[in-house]
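A.B. asks: Taken in order, the sequence shown gives residues 14 to 435; the numbers are from the numbering used here.
Every residue gets a Cβ at the ideal spot worked out from N, C-alpha and C, and that includes glycine.
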Amino acid sequence: MKASALNEILSNSVFGQFLSEEGLRLYFPDGIIAQDAEANSRGCRVKASAGVALSGGHYMTHSLFDTLTGEPDSLVAYAPTTGIMPLREAWNEHIEKNNPHFARCLHSLPVVTSGLTHALSIVASLFVRKGQKIVTLSPSWDNYELMFGTRIGASLVPLPLFDNEYALNVEQWVDRLRSLGQEHILCLFNFPNNPTGFTPSRSQMADIAQALTQLAREGKKLLVVTDDAYYGLFHDDTCAPSSLSDYLLDAHENIGIIKCDAATKESLVWGFRVGFITFAGKAVTAAHLEALVEKVKAAVRTSVSSCSMASQTLLLRAMETADYQGRLDEVKEVMKRRHLLIRQAVATEGECEGITPIPSNSGYFSSFAVTGDAYALRRGLLEKDIALIALDEHLVRVAYSSLDDSQIARVIHELYEGVRNA
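And the structure:
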């Protein structure tokens, strides 16, 4: 289907109103990939359609791969542009299990991307224009600025995650969004948050959803993107167990939802680079979702062509094993224990002028606000063989996810000592 036809389908949806110049141009052509996919769907045994080396219908590849899965074809073949269907279905089941509104409301089947960064990059390509203001939480992952600001030329508007008392202040957010003076607002939310490791409670999530819904009732068009990279890593019962996208799924016709998540942390396969992008919204139709997936297919085709077949196959195999969830739960318990050890180490250090721990209850990280130079503090700790991250002049991030239990107290002590001696 040509771009003009896809744009016409989307024209009466909130997604269509956000399409960028590139988003308007993109479509998935009836070319090599589409024609080969049609041949595969028909089960053609005489195939002169794909540029691959076959013999007897099997891939001519290395014998090493026989020892890995016994089915080398499943590792070295080109994956479908949207990803292998059993994996998309399995991830959809995972989403619906943990987000009850997704199980009841119309949404697209997740499309496989080359990691969550790629999913967000697709969002940038399809829906963000040069000079456009987009709203992100502050502090945030530094790659947002590179993706949306440096590459696209958008202007990132920081939405303070906490007020001056380190409390979540949703009313402050509403005032900030109204002050933009825009009828169309793209918001990017990341929970559990990187770098703070904070996830709102159930009631706080509901407050956020209610605030955004109120803006929608006032006539604002909202495209809400959720970066759920660290979903499921909840360390205590203060965390809402569902994604913010689940709270907004059927909130208002003026709200479109784009859920970006990944197997990266959720499935313990960091280097596999398997992510997902899913569309939903109260007013979306099956035709809207089909058109959006076609746009995503074009974005995938023109960037990575298709995502790694080996990664998708191995991930799906892992998800099908009997001990898959058990292993995930084991690692979650380790992260929960390390988070507790961080809190205990901070309590041991006590009050210290010049450093304040930022609220954290989930994810991989704890962050600290410092009044001194965070970059100088980081360099001083490197001299003591301790590595952490300075994200701006007054913020440092500790990834306890990569620390052994026995290392945690020393890292926190040296961090506080660095502040005391500055």
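Taking the alpha carbon of Ser87 as the point to measure from, which residue in Ala323, Gly367 and Val237 has its own alpha carbon closest?
C.D. replies: Ser87 has its Cα closest to that of Ala323, out of Ala323, Gly367 and Val237.
A.B. asks: Should Val306 be labelled buried (16 or more other beta-carbon atoms within 10 Å of its own) or exposed?
C.D. replies: Classification for Val306: buried.
A.B. asks: Locate the beta strand (DSSP E) running through Thr369, then write down its first and last residues.
C.D. replies: Its beta strand (DSSP E) spans residues Ile368 to Pro370.
A.B. asks: What number of angstroms, rounded off, separates the C-alpha of Asn374 from the C-alpha of Gln357?
C.D. replies: Distance between the alpha carbons of Asn374 and Gln357: 13 Å.
A.B. asks: Under the rule that 16 or more other beta-carbon atoms within 10 Å means buried, what is Trp283, buried or exposed?
C.D. replies: Classification for Trp283: exposed.
A.B. asks: Taking the alpha carbon of Arg392 as the point to measure from, which residue in Glu364, Leu416, Val432 and Gln420 has its own alpha carbon closest?
C.D. replies: Taking only the C-alpha atoms, the option nearest Arg392 is Val432.
A.B. asks: Can you tell me where the beta strand (DSSP E) holding Arg410 begins and where it ends?
C.D. replies: It spans Leu408 to Ala412 - the beta strand (DSSP E) in which Arg410 sits, taken as one unbroken run.
A.B. asks: At the level of alpha carbons, what is the spacing between Thr384 and Gly162?
C.D. replies: Straight-line Cα distance between these residues: approximately 27 Å.
A.B. asks: Excluding sequence positions up to five away, which residues of its chain have a Cβ less than 8 Å from the Cβ of Leu228?
C.D. replies: Cβ within range, chain order: Val187, Leu190, Arg191, Ile198 and Leu235.
A.B. asks: In terms of residues, what are the limits of the alpha helix (DSSP H) holding Asp259?
C.D. replies: Unbroken alpha helix (DSSP H) run through Asp259: Leu257 to Leu261.
A.B. asks: In the structure shown, what three-state DSSP assignment does Asp241 receive?
C.D. replies: If DSSP states are grouped into helix, strand and coil, Asp241 belongs with coil.
A.B. asks: Determine the burial state of Arg164: buried for a count of at least 16 other Cβ atoms within 10 Å of its Cβ, exposed for fewer.
C.D. replies: Its Cβ having fewer than 16 others within 10 Å, Arg164 is exposed.
A.B. asks: Going by other Cβ atoms of all chains shown within 10 Å of its Cβ, with 16 needed for buried, is Gln338 buried or exposed?
C.D. replies: Counting Cβ neighbours within 10 Å, Gln338 comes out exposed, since fewer than 16 surround it.
A.B. asks: So, are the CB atoms of Val424 and Val409 less than 8 Å apart?
C.D. replies: No, the Cβ-Cβ distance between Val424 and Val409 is not below 8 Å.
A.B. asks: Am I right that Ala435 and Gly367 are in contact with their C-beta atoms under 8 Å? What's the rounded C-beta distance?
C.D. replies: Confirmed, about 7 Å.
A.B. asks: Run through DSSP, which three-state label would Pro99 get?
C.D. replies: The answer is helix: DSSP assigns Pro99 an H, G or I state.
A.B. asks: Starting from the N-terminal side, write out each stretch of the alpha helix (DSSP H) that is 4 residues or longer and does not extend beyond the segment 302-342.
C.D. replies: With a minimum length of 4 residues, the continuous alpha helix (DSSP H) runs that stay inside the segment 302-342 are 322-332.
A.B. asks: Quick one: what's got a C-beta closer than 7 Å to Tyr429's C-beta in the same chain, skipping five residues either side?
C.D. replies: The answer, listed in chain order, is Glu362, Cys365 and Ile368.
A.B. asks: Between Ile355 and Ser380, how many whole angstroms is the CB-CB distance? I'm expecting something under 8 Å.
C.D. replies: About 11 Å separates the two Cβ atoms, so there is no contact after all.
A.B. asks: Tell me whether Gly269 is buried or exposed, calling it buried when 16 or more other Cβ atoms sit within 10 Å of its Cβ.
C.D. replies: Gly269 comes out buried.
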